[in-house]
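Take a look at the structure set out below.
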Amino acid sequence: MANYWAAASQGNVFMYHVPESSSQSSSGQEFLLDVQYAFGLPFYPKYEEQFTDEEKGLSLQIMQYISNFINSGNPNYQHSFSRRMLGVMPAWPMYLSSDDGDNYKEFTVSLPTLKGLKKADCSFWSDYIRRLKASTGSASGGEPGETPSEVTSLESQPLGDEVSYSR
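Residue numbers for the sequence shown, in the UniProt record's numbering: 1 to 167.
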């Protein structure tokens, strides 16, 4: 999906991953770990003892990335709220649709930038769907005359509002 948006949109695409091996992944909280960090749960008095100082620091950085992105479309652009931490935050490279552009941030204490998140798994499904569509002579809309390049470009296209959201 990130590859589709990076290739097809005029906007900036940034990808992240939260590994399941975190100490908080089995804490019994009803919210996903990235949501806990993004909304500052480690700083709520009711929960703060459940988080380490490192996890609280990670939460601050994630909140800053998100607020920077909301304000500017780029998590690296420091706006007035987060300028006090200037130089502390590791750069978050943009996700690009090229083979060398599959960067993502891993939301762990060190905030490493990694490449190729689940690339083999995604490749299997992308190739499988492409072959399946080609063998049935249809691509998304069931048009037998579509070329393989059209099939490839549609393989991970998101659903439209009328299909993907209930009203």
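The beta-carbon is built from N, C-alpha and C at its ideal position, and this holds for glycine as well.
1. Does the segment 93-104 come into contact with the segment 43-51, if we say contact requires no fewer than three beta-carbon pairs (one atom in each stretch) closer than 8 Å?
2. Taking just the CA atoms, how far does residue 56 sit from residue 49?
3. Can you tell me the Cβ-Cβ gap for residue 112 and residue 103, rounded? I've got them flagged as a contact below 8 Å.
4. What's the gap between the Cα of residue 12 and the Cα of residue 105?
5. Taking only the alpha-carbon atoms, compute the straight-line gap between residue 168 and residue 124 and give it to the nearest angstrom.
6. Can you tell me whether residue 47 is helix, strand or coil according to DSSP?
7. Look at the alpha carbon of residue 68 and the alpha carbon of residue 75, and state the distance between them as a whole number of angstroms.
8. Taking only three categories from DSSP, how would you classify residue 118?
9. Under three-state DSSP, which class holds residue 20?
10. Residue 65: buried (16+ other C-beta within 10 angstroms of its C-beta) or exposed?
To lay it out plainly:
1. no
2. Sequence index remark: in the sequence shown, residue 49 carries index 49 (1-based). Sequence index remark: in the sequence shown, residue 56 carries index 56 (1-based). Straight-line measurement puts the Cα of residue 56 at about 10 Å from the Cα of residue 49.
3. Within the sequence shown, numbered from 1, the residue matching residue 112 stands at position 112. Within the sequence shown, numbered from 1, the residue matching residue 103 stands at position 103. Going by Cβ atoms, the distance from residue 112 to residue 103 rounds to 11 Å, so no, they are not a contact pair.
4. For the purposes of this step, residue 12 is taken as the residue at position 12 of the sequence shown. For the purposes of this step, residue 105 is taken as the residue at position 105 of the sequence shown. Each residue's alpha carbon lies about 15 Å from the other.
5. Outside the modelled stretch of the chain, which goes from 1 to 167, sits residue 168, for which no answer is possible.
6. Within the sequence shown, residue 47 is the residue found at index 47, counting from 1. It is coil, neither helix nor strand.
7. By one-based count along the sequence shown, residue 68 stands at place 68. By one-based count along the sequence shown, residue 75 stands at place 75. For residue 68 and residue 75, the distance between alpha carbons rounds to 5 Å.
8. Along the sequence shown, one-based indexing puts residue 118 at 118. Residue state, collapsed to three classes: coil.
9. Counting from one through the sequence shown, the residue named residue 20 turns up at place 20. Three-state result, residue 20: coil.
10. Counting from one through the sequence shown, the residue named residue 65 turns up at place 65. Counting Cβ neighbours within 10 Å, residue 65 comes out buried, since at least 16 surround it.
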